[in-house]
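Numbering (this note's numbering), first residue to last: 582 to 845.
The C-beta atom is built at its ideal place from N, Cα and C for all residues, glycine as well.
Here is the structure we will look at, set down as structure tokens.
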Amino acid sequence: SSVAAAGVVAVVGADVPAPDVAAAAIAAALALLVAGGRLRRAALARLGLDPASPVHAVAVAAAVMVAALSVALVVALSDEPAATVPFNPGDSLAAVASDVALALAGVGFLLTRDLRAAVARLDLRPLTGRQVAWAALAAVAFLGVVGAADWAESRLLPDLHALESRFDYEFVGVPPLVGAVLVSLAAGVGEEILFRGALQPRLGIVATAALFGLLHVQYQVPGMLVIFGVGLALGALKARTSTTFTALVHVLYDLGTFLLDMTG
């Protein structure tokens, strides 16, 4: 995802310890096990999914792999020094394209659903002017709550808070404001279509929010818990509105975060 990109890119090219490589291998093995045989059928049945569905199997395998790899990356990044991650405009397009592609595959596009049915399954609907206004208010509320949590962490856990501030974007070839808009659009649209649109109807609000938090590996545990809370709130909003609504909230929240950093 775009928001997690800074943390992920920072570990590329680093000398990743053997335990982290082992964790990645275990993650891949678990994913393969869940994807086939009796274990797959048992796991899918316990989750309320269709044991015979290859789409559901792929979704669960991906979730298992993401969770284990995220743990490995958090460990690997814990000792990494501060870094500035270069951001090119094409990165946003690649990020949103990959998220949307995963979401479409997860809902069975071209396998069990055509484009119209896939869009309906992802709950992408037009917004009214009133909904846009409510989305803006929700984004402001998110900024306030997350800002308060960040302030509390900086006072109570200053060392961990400093670790979470190590990675930053350096926009290449575009003004910072344009880069902020591109990153916010990519993260808000791509992540909401993938998590709230594709995964939440199958995995539920809590499990989807947990995966959402785990993917933000540039943070330490307190920060990931805050992101988990954001995921819960977005999930609750999605259950009452639409994926389009939460995507707008997410975009405005991310953009607000960038603007506050730029002006602070």
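- By the C-beta criterion, the region 806 to 826 is judged to be in contact with the region 770 to 787, since at least 3 inter-stretch pairs fall below 8 Å.
- By the C-beta density criterion, G725 is exposed, having fewer than 16 other C-beta atoms within 10 angstroms.
- R711 counts as exposed, since fewer than 16 other beta carbons sit within 10 angstroms of its beta carbon.
- With a threshold of 16 other beta carbon atoms within 10 Å, V802 falls short and is exposed.
- By the criterion of a C-beta distance shorter than 7 Å, D680 is surrounded in its chain by S582, G771, E772, I774, L775, once the five residues flanking it on both sides are discounted.
- The count of Cβ pairs closer than 8 Å, one atom from the region 823 to 834 and one from the region 741 to 760, stays below three, leaving the stretches out of contact.
- L763 is the residue among L685, L763, D835, Y750 whose C-alpha sits nearest the C-alpha of G671.
- Contact between G812 and G794 is confirmed by a C-beta separation of about 6 Å, below the 8 Å threshold.
- About 6 Å separates the CB atoms of V807 and V727; that is less than 8 Å, so the two are in contact.
- The alpha-carbon of P635 is positioned some 20 Å away from that of R777.
- Under the rule that a run must span 4 or more residues, the alpha helix (DSSP H) segments found entirely inside the region 697 to 755 read 710 to 737, 739 to 745.
- Burial check for D695: the Cβ neighbour count within 10 Å stays below 16, so the residue is exposed.
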